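Mapping the sequence shown onto our numbering, position 334 (from 1) lands on 989, and the numbers just tick up by one.
For each residue, glycine too, the CB sits at the ideal point set by N, CA and C.
None of the values given here were measured: they were computed from a predicted structure.
So the structure is just underneath, and the comments pick up after that.
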Amino acid sequence: MSKPILPAILSCSGYELTEQEKKLFNQSNPLGINLFSRNIKNKSQLKALISSIYQTIEREDILIAIDQEGGRVRRLSGPEFHDCAAAISIGSLPPQKASKAANLHAQLISYDMHDVNINTNYAPVLDTLHSNTTDALKSRCFSNDTQTIVSLATTEINTYIQNGIIPCIKHLPGHGLATTDPHLGLPIIFNTIKELEKEFIPFMKLNKCPMGMTAHILLPVIDDVLPATQSPKVIKNIIRDLIGFKGLLISDALDMHALKGTIGEKTICSLQAGCDIICYAGGQINDIKQIIDTCPSMSDKSLERFAKLKPILYNTPKINHIDELYSEYCSLLSELPPYQEEYDSTEVLNIMHQQNLTQEA
């Protein structure tokens, strides 16, 4: 008889699983494991770590997940992996070239992910770009034009799926109007429903994507108390009903400072609000214990949603002539000036965690 699945994608602390992590992952049977820069030294080490995760959890359908958007937000970097551009760069190309670049972008990333047995990518970003969009998100958006976002995201999603990678659209129901970095605080978006409707459109057009991630934002016009990730009103009325998203819904990382409370409180609140699974990024053993102690087993409805996306894992990649593809991709993007960006928002908390650990040592 198979173990119940923990509705969580957890994380680990370093280049190898510790004995404590092995014990907890084996006992709790999490849906998956997130990987970050702290887990990646080189390709051979990463393959060994992922092999150890599979051996520990003992399930073929574990989601091994990563942020591989491109630009500054990519965990597979350096000479062993392809250097892929930020979404804003792709979206800045003329339409026909942008479409070709989006396809090549997703092929290159799929190739690199398959090469190390990673199967889930938290991409693409469907948020709409605005002049005052937080720096945590700005370069990760394709455009301020809805049609461009939908077109390029559709290309990437389809390419990932065809090549056995589960894509995850983010951040539902739309994060582009936020001016605060949710890694550091709670963004509050005071716009009216009418003003928010444009933000919802890319998600409505792509509501059949197999997986989606919530936004840690407060929308007072809908719920003036709870952030979207923890709001039954936002998840049911907006994400599920208005947007019509039917896929597996994962929270953004619970250790981000936009959410208040202990990690256990954040976990149960997010699941009760309607998230199918929670995402944890910190890799700290006490947090992992809290999540395991707090989480119920994955619900029947969430298991149904998971079952619908599992066939993607068995799609055989159809990527050939990788060097030629990369050369073509670089040629398309060479006509743009390099996008100047130093702020890797998804690594902010990782850096803070490492600083805390150093201070405690």
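Cutoff 7 Å; reference residue i; Cβ partners in own chain excluding five residues on either side
| i | result |
| --- | --- |
| residue 1013 | Caution applies to residue 1013, whose pLDDT of 47 falls short of 50 and renders its modelled position unreliable; the model cannot decide the point. |
| residue 804 | 781, 783, 797, 798, 857 |
| residue 832 | 785, 844, 846, 854 |
| residue 826 | 782, 868, 869, 870, 907 |
| residue 971 | 819 |
| residue 747 | 991 |
| residue 701 | 695, 771 |
| residue 909 | 918, 921, 922, 925, 933, 934, 935 |
| residue 981 | 737, 763 |
| residue 675 | 940 |
| residue 817 | 970, 973 |
| residue 723 | 729, 730, 731, 764, 768, 776, 778 |
| residue 949 | 919, 922, 923 |
| residue 947 | 661, 679, 683 |
| residue 725 | 739, 740, 741, 742, 760 |
DSSP bridge partner residues for residue i (one or two, in chain order)
| i | result |
| --- | --- |
| residue 780 | 825 |
| residue 685 | 661 |
| residue 666 | 689 |
| residue 721 | 690, 776 |
| residue 869 | 827 |
| residue 843 | 873 |
Three-state class that DSSP yields for residue i in the structure shown
| i | result |
| --- | --- |
| residue 795 | helix |
| residue 880 | coil |
| residue 771 | coil |
| residue 695 | coil |
| residue 714 | coil |
| residue 727 | coil |
| residue 738 | coil |
| residue 673 | coil |
| residue 838 | coil |
| residue 953 | coil |
| residue 888 | helix |
| residue 857 | helix |
| residue 746 | helix |
| residue 789 | coil |
| residue 704 | helix |
| residue 978 | helix |
| residue 809 | helix |
| residue 863 | coil |
| residue 832 | coil |
| residue 990 | coil |
| residue 820 | coil |
| residue 972 | coil |
| residue 732 | coil |
Selected residue, minimal CA-CA separation from residue i, among the options
| i | options | result |
| --- | --- | --- |
| residue 730 | 791, 707, 689, 979 | 689 |
| residue 699 | 750, 939, 736, 847 | 736 |
| residue 809 | 792, 851, 677, 863 | 863 |
| residue 927 | 724, 890, 899 | 890 |
| residue 961 | 933, 902, 794, 911 | 902 |
| residue 742 | 761, 794, 787 | 794 |
| residue 905 | 875, 865, 941, 912 | 865 |
| residue 814 | 691, 872, 755 | 755 |
| residue 823 | 726, 874, 812 | 812 |
| residue 717 | 967, 983, 740, 912 | 967 |
| residue 838 | 668, 792, 963, 759 | 792 |
| residue 834 | 872, 848, 876, 801 | 872 |
| residue 879 | 841, 911, 912 | 841 |
| residue 727 | 800, 881, 989, 790 | 790 |
| residue 911 | 985, 942, 896 | 942 |
| residue 913 | 952, 883, 744, 951 | 883 |
| residue 875 | 861, 850, 896 | 850 |
Nonlocal neighbours in the same chain, by C-beta distance under 8 Å from residue i, ignoring five residues either side
| i | result |
| --- | --- |
| residue 954 | 662, 931 |
| residue 672 | 680, 704, 707, 708, 711 |
| residue 945 | 917, 918, 919, 922 |
| residue 750 | 803, 806 |
| residue 964 | 821, 865, 866, 902, 903 |
Spatial neighbours of residue i in its chain, beta-carbon cut-off 6 Å, leaving aside the 5 residues before and after
| i | result |
| --- | --- |
| residue 720 | 664, 687, 689, 775 |
| residue 859 | 898 |
| residue 685 | 661, 663, 665 |
| residue 670 | 696, 700 |
| residue 894 | 827, 828, 900 |
| residue 658 | 684 |
| residue 788 | 831 |
| residue 977 | 766 |
| residue 888 | 877, 878 |
| residue 668 | 938 |
| residue 714 | none |
Alpha helix (DSSP H) runs wholly inside the region 896-948, at least 4 long, in chain order: 918-928
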